[in-house]
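Working notes for the structure below.
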Amino acid sequence: MSDPKGNDGDGLTALSLILSGLLLYGGLGWAVDRLCGTGWFLPVGLIGGLALGVFMVIRRFGASS
Amino acid sequence: MGPGGFSLVPLESGPPQFGVSAFESRPLFPSRAWLDSGGQETVWTDIWLTNHIAQAVIAAGLVIGFWLFVSRRSQVVPGKRQFVGEYLYELVRNGVARSIIGLEYRRYLPYLLALFSFILINNLFGQFFLFMFPTFSKIGFAWGLAAASWILYNGVGIKRYGLIKYLSKMTLPQGVPKPLLILVAPLEFISNFLVRPLTLGLRLFANLFAGHLVIMVFVVGGSWLLWSTKSSSPDYSPIWNVAGGLSILMSFAVFAIELLVGCLQAYIFTVLTAQYVSSSLSEEH
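Chains as they are written, first to last, in our numbering: chain A, 1 to 65; chain B, 1001 to 1285.
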């Protein structure tokens, strides 16, 4: 059963991936900004995390169809 | 809304002392006080034994009782009692367990079925007399169930693949270029081990909490508009009473929606648990 048949959870998996990307890399960017006194790591982290999350969603769900 | 304070609606007395306080658990038994041998007074309250705990335990008893009742003395040609039981059983077995987990669904069916019926009964408590409170609108209960499902899907994964292989399976997706893995692995880790249980618990809690709050606004607010508006006030207008009556009428529609939401959330929680188990067991991620 490599491919779960139920579709109810797919949207939530996607949401969870994108949220994780935003939280993790946005949070890292925020922490770097706080420690180093810079101001551009947070937006870069947020955008980068979002891009990674979207990339993971495309990789997971784009290939099967 | 005391004297001098601004009040939109002219009311006979202050704001309601009931309503939202339903979310505060109350100890089931009153405090007891006694004198020990030294003449010292001791006061004891069973703070853990609250009306909401009792409600959850009663729900568990109802679930056990129901399944024992419908599965007792099964016959080849089912009677009404057995028919109801088998119908519900097959709903979870075919609709959730078998279609999502696949071949090995049998091992996880008891947990999924118990989970579904326990959440459903607790959600229905929000609409029915005697309790009138959905247990899972207290977030601690939702965390408890989320923790149980978290332990289950991680446990079966670790049991099948071993800790190291399971962790790498869940954090290192296939088909991603090597340099990206270092960025993607923590993301997958957070997504699979932290966001999953968080959303599982929060979704159940927030749906039930918000629904019950809306019902209270409609019912409590409506009854206050209807009965407690001060007719001698210069601000008084019968429109307040009409609005209150309409609000109480509307509350029945909200109750109906809550009935739907309660069933839906029980189903979704079960489906997601099955999905997580299936993703832990699957060969490739």
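We treat Cβ as the ideally placed atom computed from N, Cα and C, and that holds for glycine.
Computed from a predicted structure; not experimentally measured.
- Beta bridge pairing from DSSP links E1041/B with L1035/B.
- Under the Cβ criterion (8 Å, minimum of three pairs), the segment 1159-1177 of chain B does not count as touching the segment 1255-1275 of chain B.
- Against chain B, a Cβ distance below 7 Å from G21/A picks out L1187.
- Nearest CB-CB separation between T1229/B and chain A: not below the 8 Å threshold.
- Taking C-beta atoms as the reference points, T1273/B and L1115/B count as a pair closer than 8 Å.
- Within chain A, the residues placing a beta-carbon under 7 Å from that of R1196/B are S16, ordered along the chain.
- By the neighbour-count definition (other C-beta atoms within 10 Å, threshold 16), A1142/B is a buried residue.
- The Cβ-Cβ distance between L1167/B and F1269/B does not fall below 8 Å.
- The beta carbons of L22/A and M56/A sit no closer together than 8 Å.
- Residue contact with chain B for G45/A: absent (no Cβ-Cβ distance below 8 Å to any residue of chain B).
- For L1011/B, the pairing in a beta bridge is given by DSSP as T1229/B.
- Approximately 6 Å separates the beta-carbon atoms of V1070/B and V1084/B; this is inside 8 Å, confirming the contact.
- Residues of chain B with a Cβ closer than 8 Å to the Cβ of L12/A are, in chain order, T1199, L1272.
- Closest in alpha carbon position to T1050/B, among R1073/B, D1036/B, F1023/B, R1098/B, is F1023/B.
- Among the CB atoms of chain A, one or more fall inside 8 Å of the CB of S1191/B.
- A Cβ of chain B is located within less than 8 Å of the beta carbon of G53/A.
- Within the same chain, and ignoring the five residues on either side of L19/A in sequence, the residues whose Cβ sits closer than 8 Å to its Cβ are G53.
- Scanning its chain for C-beta atoms nearer than 7 Å, with the 5 sequence neighbours on each side dropped, one finds around Q1082/B the residues V1070, S1074, Q1075, in chain order.
- From the beta-carbon of R59/A, the residues of chain B found nearer than 8 Å are P1173, G1175, V1176.
- In this model, G26/A and S1031/B are separated by some 49 Å (Cα to Cα).
- L1124/B and P1134/B have their C-alpha atoms roughly 7 Å apart.
- In the DSSP annotation of this structure, the continuous segment of the alpha helix (DSSP H) that includes P1110/B starts and ends at 1105-1124.
- The count of Cβ pairs closer than 8 Å, one atom from the segment 1139-1157 of chain B and one from the segment 1189-1203 of chain B, reaches three, so the stretches are in contact.
- Under the 10 Å beta carbon count, L1068/B is surrounded by fewer than 16 other beta carbons and is classified as exposed.
- For the set A1059/B, S1025/B, L1183/B, L1088/B, the Cα lying nearest the Cα of G45/A is the one of L1183/B.
- About 6 Å separates the beta carbon of E1258/B from that of I1215/B, a gap short enough to meet the 8 Å contact definition.
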